[in-house]
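Asks: Residue numbers (my numbering): -15 to 213.
C-beta: ideal position from N, C-alpha, C; glycine also.
Handing you a structure now.
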Amino acid sequence: MIVTLMGQKGGVGKSTTAICLAMAAFERGYSTLLVDADPQGTLRTWGEVAAEQGRKAPTVVAMGAAMHRPGQLDSVARNYAWTFIDCPPRHGEVQRSALMMADLAILPCGPSASDVWALSSSLELVQSARQVRDSLEACIVISRKQPRTSLGKDLRAVLEKAGVPVLSSELFYRVAYQEALAAGAGVTGSGRRRDPAAQEVRALFEEVEKLVYGKKESGCFPAQALASA
Ligand SMILES: Nc1ncnc2c1ncn2[C@@H]1O[C@H](COP(=O)(O)OP(=O)(O)OP(=O)(O)O)[C@@H](O)[C@H]1O
Ligand SMILES: [Mg+2]
């Protein structure tokens, strides 16, 4: 399964969500690949910190706007149960390339007006990818949720008008995510079973798992070979 974290807006939680989901998959025993498609190299640096800490973690590789070409991501991802691609903001070419490979696009959206405004241009990328891959799934996940702010309270209702499903799992604004990123870790490791961040990431992974496998079992899941598109 290939999942891309994408969106035109910077700082909405794409890299954090990619890392936390990948660690959740990895800790369940799935072979897991992280694709750093962002020149900022957040995942590569995170992977280096994880290695320095001696932490077992998903393999991290760097790819760019050619990842959909034959012999690129297809030949690597086939060895993994789960692949999570972290896209850069604004680089439409890289996001388009990821959308040619992904089974599911997840668009994190935070509780600021600018996050919500940027969604429409992100969804345009998804819609144009769907013109060649009508079975590409896409969904929004609420990230960095701050329930006490006025937009935070109304966010779900606003996002439900966007035309793609809004996942019921939500990632709240928590220091645990910032600490995990800095420590080359995820938030779901053993000993963290009861942490609120661990619980919400596990719930998110299970929802993503149901979404992609449910679709595959129902027989309407796409062939992934769109490398020539
Ligand atoms: N749920 C969260 N709670 C608290 N802080 C968060 C959360 N998610 C992300 N952050 C923090 O917000 C900042 C931006 O997150 P992240 O790098 O994941 O966003 P991004 O969308 O990948 O950014 P970019 O577009 O620059 O690649 C980071 O400092 C990260 O630690
Ligand atoms: Mg990022």
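Please give the ranges of any alpha helix (DSSP H) in the stretch 31 to 81, keeping only runs that are unbroken, at least 4 residues long and fully inside the region.
Replies: Runs of the alpha helix (DSSP H) inside the stretch 31 to 81: 57 to 61.
Asks: Reducing DSSP to helix, strand and coil, say where R128 ends up.
Replies: Here R128 sits in strand by DSSP.
Asks: Can you tell me the Cα-Cα spacing of A6 and S105, whole angstroms?
Replies: Their Cα atoms are separated by approximately 26 Å.
Asks: DSSP state of D20, grouped into three classes?
Replies: Three-state result, D20: strand.
Asks: Do D70 and V44 have their CB atoms nearer than 7 Å?
Replies: No; because the gap between Cβ atoms is not below 7 Å, this pair is not in contact.
Asks: With burial defined as no fewer than 16 other Cβ atoms inside 10 Å of the residue's Cβ, what is the status of A167: buried or exposed?
Replies: A167 should be labelled exposed.
Asks: Under the assumption that I124 contacts A146 (Cβ atoms under 8 Å), give the Cβ distance between them as a whole number of angstroms.
Replies: That pair is a contact at about 6 Å.
Asks: Is the closest heavy atom of ligand 2 to the C-beta of S106 under 6 Å?
Replies: Result no, Cβ not under 6 Å from ligand 2.
Asks: Could you have a look at E121 and say whether DSSP puts it in helix, strand or coil?
Replies: Three-state DSSP puts E121 in a strand.
Asks: What's the C-alpha gap between S81 and S(-1)?
Replies: Rounded to whole angstroms, S81 to S(-1) spans 17 Å at the Cα level.
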